Amino acid sequence: MTIASLLEPVTGQPGPAHLVHAQDWMQGRTLYGGASALVAYTMAARAFPGLPPLRAGQVAFVAPVGETIELSAEIVRQGRNVTQVRSEIRCEGKVALSAFWLFAQGREPNAVRPADPPESWPGPPENNAVVTHDFAPSFVANNFELRFGQAKGTEHGATVRRWARLTEQHDLDPVSKLVLMGDVMPPGAMRAMQRTGPISSINWSFNVLDPESRSREGWYLAENASQHADAGYSSERLRMWDADGRQVLDGIQCVAVFG
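UniProt numbering applies: residue 1 is where the sequence shown begins, and numbers increase by one.
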């Protein structure tokens, strides 16, 4: 199943939609977070064609997203350079995902500061071993190729970092690919858990640093790092770099840690 097939029912028109090919993107009883965020982003982009590039997104994962959904999108404010759009996914009449998107034209820069390169650069993806999918959710095995992004035998703390790319040939635009892949890693809190238990993303806020990113052979280095974990929740920082070490996405996330 292609990602285009998943997005085909998202026409930009408000109302019900049936994600016929959602099964390959399910994570337990809900659509994988990156895929559900992409559905909401695609709804916003198709509802209002001609928007400037996406610069930021705020996504609330409220409830499980299944195959049968209802979509909506509205422009909250449209200025000379910036357009802010809200889109929602409803399931069984209740909000399952609510997203706020910031689209903005580029301007002549007054501040220029390149993002820092990743610490402990693992080398290009082809120099790292393939990650097996023995313990990964089925949506990962169905749709992604992973390679290690951290040196073996070293202390990783509460950080998970992997090279990742989509296995299918696709025609996703650069921003859609970043939205789809930005949440692919498990939370870094996984490395700090005392007992095995479920983990669930509650929200995801991110900035797109390069809306035209086209990384070599589709590889991106994705990292989730727990900044603080306690009381059943973890505050995570999510980042992505292209194959040349340029950061393309920067975000934060709240994760519920059960068990």
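Yeah, the Cβ is synthetic: ideal placement off N, Cα and C, and Gly gets one too.
Since the model is a prediction, treat every value here as computed from it, not as a measurement.
Worksheet item: What is the residue span of the alpha helix (DSSP H) that residue 3 lies within?
Response: Looking at the DSSP string, the run of the alpha helix (DSSP H) that includes residue 3 is 3–7.
Fill in: Backbone CA spacing between residue 8 and residue 20 [nearest angstrom]
Spanning the two alpha carbons is a distance of roughly 9 Å.
Practice prompt. Let me know if residue 110 comes out buried or exposed under the rule of 16 or more other beta-carbons within 10 Å of its beta-carbon.
Written response: Around the beta-carbon of residue 110, fewer than 16 other beta-carbon atoms lie within 10 Å, marking it exposed.
Worksheet item: DSSP state of residue 209, grouped into three classes?
Response: In this structure, residue 209 counts as coil in the three-state DSSP scheme.
Practice prompt. Output the boundary residues of the beta strand (DSSP E) element that contains residue 94.
Written response: Judged by DSSP secondary structure, residue 94 falls within the beta strand (DSSP E) whose first and last residues are 94–104.
Worksheet item: What is the DSSP secondary structure of residue 204, counted as helix, strand or coil?
Response: In the three-state reduction of the DSSP assignment, residue 204 falls in the strand class, which pools E and B.
Worksheet item: How many Å lie between residue 25 and residue 35 at the Cα?
Response: Pairing residue 25 with residue 35, the inter-Cα distance amounts to about 7 Å.
Discussion item. Tell me the rounded alpha-carbon separation between residue 94 and residue 59.
Written reply: Their backbone Cα atoms lie some 16 Å apart in a straight line.
Practice prompt. Decide if residue 88 is buried, meaning its Cβ has at least 16 other Cβ atoms within 10 Å, or exposed.
Written response: Classification for residue 88: buried.
Worksheet item: Ends of the alpha helix (DSSP H) at residue 139?
Response: First-last of the alpha helix (DSSP H) with residue 139: 138–143.
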